[in-house]
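Accompanying notes for the structure given below.
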Amino acid sequence: MKRLVVLLLLATASLRASNLTMTGGWSQSLSAVNLTGGAGTNLSPSYSSAATALTATITGSPLTLFYSVSAHVAASGLPPGVTLAVTRTGDGTAIPILSAVTGGTSAVTLTSTDTVIFSGFLDRSAIPLQVTASGVSVSITPGTYMSGVVFTVSP
Amino acid sequence: MKTLLLALVGMALSATGAFAQATATQTVTFSVAAINLIAVSGNPGTMTVSSGTAGSQPNAVSDATTSYAVTTNQTTQKITGAISSAMPSGTTLAVALGAPSGATSAGSTTLTTTAANLVTNISTLASLGNTITYNFSATAAAGQVSSTTRTVTLTLTAGP
Numbered sequence: 002m003k004r005l006v007v008l009l010l011l012a013t014a015s016l017r018a019s020n021l022t023m024t025g026g027w028s029q030s031l032s033a034v035n036l037t038g039g040a041g042t043n044l045s046p047s048y049s050s051a052a053t054a055l056t057a058t059i060t061g062s063p064l065t066l067f068y069s070v071s072a073h074v075a076a077s078g079l080p081p082g083v084t085l086a087v088t089r090t091g092d093g094t095a096i097p098i099l100s101a102v103t104g105g106t107s108a109v110t111l112t113s114t115d116t117v118i119f120s121g122f123l124d125r126s127a128i129p130l131q132v133t134a135s136g137v138s139v140s141i142t143p144g145t146y147m148s149g150v151v152f153t154v155s156p
Numbered sequence: 218m219k220t221l222l223l224a225l226v227g228m229a230l231s232a233t234g235a236f237a238q239a240t241a242t243q244t245v246t247f248s249v250a251a252i253n254l255i256a257v258s259g260n261p262g263t264m265t266v267s268s269g270t271a272g273s274q275p276n277a278v279s280d281a282t283t284s285y286a287v288t289t290n291q292t293t294q295k296i297t298g299a300i301s302s303a304m305p306s307g308t309t310l311a312v313a314l315g316a317p318s319g320a321t322s323a324g325s326t327t328l329t330t331t332a333a334n335l336v337t338n339i340s341t342l343a344s345l346g347n348t349i350t351y352n353f354s355a356t357a358a359a360g361q362v363s364s365t366t367r368t369v370t371l372t373l374t375a376g377p
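Protein sequence lines, in the order shown, are assigned to chains A and B. Residue numbers for the first sequence follow the numbering used here, beginning at 2 and rising by one. Residue numbers for the second sequence follow the numbering used here, beginning at 218 and rising by one.
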């Protein structure tokens, strides 16, 4: 009977909805000062946000056990050829002391479908994320471009 | 125990239908300003007309020691050229700019105080080392002309 109770607890936990809170954002402005060497040179091909531009907090304790956080680009208004990637630049703060996160320390390129960025165990707050845009050049005509990035926590 | 078990089963079942994912959306914003830059590598050397053939006008001289670089993220741009003040009577300063990829050079063009098109059809490029060739000529009627300088202004501007 005890085993059954434990199993039910785990099942309940794994099925319980976790909460994902994202904070921060990233805005990048490019102009002539961003040319690699003045007139005749191009823009750098990639630009990154601050290492802690975004933070993710996953809660649901005590019933959040294992989870993964994925992301995809939604309604991309980015210029053609520009792609986004996300890198986990830190571990954040453990809420229960035993919590942990793994993966995502190398840039994960985002597409229009979900890609797992990192996985975790138990609640964790302020996991820092960095966004990188690649494929930038002067072939991008002047304007403002926006894209949504949808983060999802799943059991 | 049975009550606890039922409660847990109930929790599990209720959670089964409810769960599963939570999402949050962030917005990434890119702003790209107009970029239009042109620069030259330096000044050409002194051009002196000092030779000729009997019965002909003096020989023109040329200088192709400099180049220009251009970057633009806009379409339909052109480079114009003008000099700061008129040339002495009987003398002519012309310039030919090599065209970056996809653009069109006007060839050797006499410079005046009015801007003239030198390269047209420039669109979204970053190009280094494009040639600048100056040609200075003087007629016999110009006589001896004291050394003088002119500032040549190259402008990257909108236009076909």
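Note that CB positions come from ideal geometry on N, CA and C, so glycine has one too.
Strictly below 9 Å CB to CB, what residues from chain A border residue i?
i	result
Thr242 of chain B	Met23, Ala75, Gly149, Val150, Val151, Phe152
Val245 of chain B	Gly26, Trp27, Ser28, Gln29, Ser50, Val74, Leu79, Leu85, Val132, Ala134, Tyr146, Met147, Ser148, Gly149, Val150
Between the Cα of residue i and those of the options, spot the shortest distance and give me the residue it belongs to.
i	options	result
Phe247 of chain B	A:Pro156, A:Val154, A:Thr133	A:Thr133
Pro317 of chain B	B:Ala333, B:Thr337, B:Pro305, B:Ala332	B:Thr337
Gly144 of chain A	A:Leu130, A:Gly78, A:Val70, A:Ser126	A:Gly78
Ala343 of chain B	A:Thr37, A:Ser30, A:Ser69, A:Ser107	A:Thr37
Phe152 of chain A	A:Val137, A:Tyr146, A:Leu130	A:Leu130
Val137 of chain A	A:Asp124, A:Tyr68, A:Pro80, A:Ala127	A:Pro80
Ile349 of chain B	B:Ile252, B:Ala251, B:Gly307, B:Pro261	B:Pro261
Thr309 of chain B	B:Asn334, B:Val362, B:Ala375	B:Val362
Thr297 of chain B	B:Ala251, B:Thr356, B:Thr265, B:Ala256	B:Ala256
Pro156 of chain A	A:Val70, A:Ser47, A:Trp27, A:Val109	A:Val70
Thr103 of chain A	A:Gly93, A:Thr110, A:Asn43	A:Gly93
Ala51 of chain A	A:Ser140, A:Val109, A:Ala72, A:Gln29	A:Gln29
Ala239 of chain B	A:Val87, A:Leu99, A:Ala57, A:Leu85	A:Ala57
Leu314 of chain B	B:Gly259, B:Asn334, B:Met264, B:Ser302	B:Asn334
Ala359 of chain B	B:Thr341, B:Met304, B:Leu371, B:Ala311	B:Met304
Thr368 of chain B	B:Ser302, B:Thr282, B:Tyr285	B:Ser302
Val353 of chain B	B:Thr242, B:Val278, B:Ala271, B:Val249	It should be noted that the sequence gives Phe, not Val, for residue 353 of chain B. Of B:Thr242, B:Val278, B:Ala271, B:Val249, the residue nearest in Cα terms is B:Val278.
Ala108 of chain A	A:Ile98, A:Gly91, A:Ser100, A:Leu99	A:Gly91
Val139 of chain A	A:Leu21, A:Thr42, A:Thr24, A:Val87	A:Thr42
Beta-carbon within less than 6 Å of residue i's beta-carbon, same chain only, minus the 5 sequence neighbours each way: which residues are those?
i	result
Asn276 of chain B	Ser268, Gly269
Leu11 of chain A	Residue placement at Leu11 of chain A cannot be trusted, given a pLDDT of 46 that sits under 50; what the coordinates show is reported in the next sentence. Nothing meets the Cβ criterion.
Gly105 of chain A	Arg89, Ile118, Phe119
Leu254 of chain B	Thr288
Ser19 of chain A	Ile59, Gly61, Thr65, Tyr68, Val154
Ala323 of chain B	Asn334, Leu335
Within 8 Å (strictly less), CB to CB, does residue i reach chain B?
i	result
Pro46 of chain A	no
Leu33 of chain A	First, the amino acid is wrong: residue 33 of chain A is Ala here, not Leu. Ala33 of chain A counts as touching chain B.
Ser28 of chain A	yes
Ala134 of chain A	yes
Val102 of chain A	no
Ser120 of chain A	no
Leu66 of chain A	no
Thr53 of chain A	no
Ser113 of chain A	no
Ser126 of chain A	no
Ser19 of chain A	yes
How would you list, in chain order, the residues of chain B whose beta-carbon sits under 8 Å from the beta-carbon of residue i?
i	result
Pro131 of chain A	Residue identity check: residue 131 of chain A is Gln in the sequence provided, not Pro. Within chain B, no residue comes near Gln131 of chain A; the closest Cβ sits about 12 Å away, beyond 8 Å.
Pro97 of chain A	The contacting residues do not exist; Pro97 of chain A stays about 18 Å from chain B at best.
Val109 of chain A	By Cβ distance, chain B contributes nothing, its closest Cβ being about 15 Å from Val109 of chain A, past 8 Å.
Leu123 of chain A	Here the premise fails: no neighbours, minimum Cβ distance about 16 Å.
Against residue i, what residues of chain A qualify as contacts under a CB-to-CB distance less than 8 Å, listed in chain order?
i	result
Gln294 of chain B	Chain A residues near Gln294 of chain B: none, gap ~12 Å exceeds 8 Å.
Leu345 of chain B	Gly41, Thr42
Ala286 of chain B	Gly39, Ala40, Gly41, Thr42
Ala239 of chain B	Ala18, Ser19, Asn20, Leu21, Thr153, Val154
Is there at least one non-hydrogen atom of the ligand PLP closer than 7 Å to the beta-carbon of residue i?
i	result
Val70 of chain A	This structure lacks the ligand PLP; in fact it carries no ligand of any kind.
Note down, in chain order, each residue of its chain lying with its Cβ closer than 7 Å to the Cβ of residue i, except the 5 sequence neighbours on either side.
i	result
Thr331 of chain B	Ala299
Gly82 of chain A	Gly136
Please list the partners that residue i has in chain E, where partner means a Cβ-to-Cβ separation under 9 Å.
i	result
Gly82 of chain A	Included in the structure are the protein chains A and B, with no chain E among them.
Any beta-carbon of chain A closer than 8 Å to the one on residue i?
i	result
Ile252 of chain B	yes
Thr289 of chain B	yes
Ile255 of chain B	yes
Ser248 of chain B	yes
Val369 of chain B	no
Leu342 of chain B	yes
Ala375 of chain B	no
Ala271 of chain B	no
Ala357 of chain B	no
Pro320 of chain B	Note on residue identity: the sequence assigns Ala, not Pro, to residue 320 of chain B. Not one chain A Cβ lies under 8 Å of Ala320 of chain B.
Suppose the cutoff is 8 Å on Cβ atoms and the five residues either side in sequence are ignored; what does the same chain contact list for residue i look like?
i	result
Ile96 of chain A	Thr60, Ser62, Leu123, Asp124, Arg125, Ser126
Ala252 of chain B	For the record, residue 252 of chain B in the displayed sequence is Ile; it is not Ala. Hits under 8 Å: Thr288, Thr289, Asn290, Gln291.
Leu373 of chain B	Asn253, Leu254, Ile255, Val287, Thr289, Gln294, Lys295, Ile296, Ile339
Thr114 of chain A	His73
Val249 of chain B	Asn290
Ser325 of chain B	Ala311, Val312, Ala313, Thr350, Asn352
Ser377 of chain B	Checking the sequence shown, residue 377 of chain B turns out to be Pro, not Ser. Excluding sequence neighbours, Pro377 of chain B sits near Thr293, Lys295, Thr337, Asn338.
Taking C-beta pairs closer than 9 Å, name the residues in chain B that residue i reaches, listed in chain order.
i	result
Ile1 of chain A	Residue 1 of chain A is absent from the structure shown; chain A starts at 2 and stops at 156.
Mind pulling the chain A residues with CB within less than 7 Å of residue i?
i	result
Ala281 of chain B	Here the premise fails: no neighbours, minimum Cβ distance about 18 Å.
Kindly provide the ranges of any beta strand (DSSP E) runs that are 3 or more residues long and lie completely inside the segment 317 to 377 of chain B, ordered along the chain.
-> 333 to 339, 342 to 355, 369 to 375
Scan the segment 52 to 113 of chain A and note each continuous beta strand (DSSP E) run of 3 residues or more that stays entirely inside, going in chain order.
-> DSSP runs (the beta strand (DSSP E)) wholly in the segment 52 to 113 of chain A: 55 to 60, 67 to 75, 84 to 89, 101 to 103.
At which residue ranges does the segment 107 to 149 of chain A contain complete beta strand (DSSP E) runs of 3 or more residues, listed in the order of the chain?
-> Counting whole runs of 3 or more residues, the segment 107 to 149 of chain A contains the beta strand (DSSP E) stretches 116 to 122, 125 to 135.
Let me know the beta strand (DSSP E) ranges lying completely inside the segment 224 to 311 of chain B, each 3 residues or longer, listed in chain order.
-> 239 to 249, 253 to 257, 278 to 289, 294 to 300
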